[in-house]
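Student:
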Amino acid sequence: ASGDVQGALGQAIVDGDLEFTVFGIKCGEATIGSTAYSQDVASGEFCRLSLQIKNTGDAEASLPTAPQKAVDTTGKEYELDIEATQFTQADLTNGDWHAQIPAGTTRTGDFAFDVEAGSTIKKVILHGAQGSAGIEISL
């Protein structure tokens, strides 16, 4: 089941070899990115989840993108918007901040979710590996 381990803002929680610390969520952006070539437009509105990810394992981790979800107060789930998440970075020259995380390395950034306008996100479900139990963070 998704979100077997419960957590709170600012609390470091491990799933697989990845340790997640969620700092907060901010919604209401219509676009993410700075130029026409590196910009994504929301079909509703973007919510940015501010978080830190630490690889506690012995090998490089590839963060799975599909299982990362935001859930609103009605129970509707939204999957991670991969393109918008890429554009949350000011500098794209180093690739995706979250894609490959070397062992012992900590990365900080934003996950972007394209949600229905006016939605209130109540929790996120994050996974450190494909098929892992997952962690649930209440917002």
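With our numbering applied, the sequence shown corresponds to residues 87 to 225, in that order.
The C-beta atom is built at its ideal place from N, Cα and C for all residues, glycine as well.
Report yes if the CB atom of residue 174 is closer than 8 Å to the CB atom of residue 118, and no otherwise.
Tutor: Against a cut-off of 8 Å, the Cβ pair of residue 118 and residue 174 comes out as a contact.
Student: Quick one: grab the DSSP three-state call for residue 171.
Tutor: In this structure, residue 171 counts as helix in the three-state DSSP scheme.
Student: Quick one: is residue 192 buried, meaning 16 or more other Cβ sit within 10 Å of its Cβ, or exposed?
Tutor: Exposed: under 16 other Cβ atoms inside 10 Å.
Student: Return the residue from the list 112, 121, 120, 145 that minimises the CA-CA distance to residue 135.
Tutor: Nearest C-alpha to residue 135: 112.
Student: Classify residue 129 as helix, strand or coil using the three-state DSSP reduction.
Tutor: Residue 129 falls in the strand class under three-state DSSP.
Student: For the candidate residues 170, 130, 204, 189, whose alpha-carbon lies nearest to that of residue 139?
Tutor: Of the listed residues, the one whose Cα sits closest to residue 139 is 189.
Student: Against chain B, does residue 192 count as a neighbour if the rule is that its beta carbon must be under 8 Å from one of theirs?
Tutor: Looking for chain B here will not work: only one protein chain is present.
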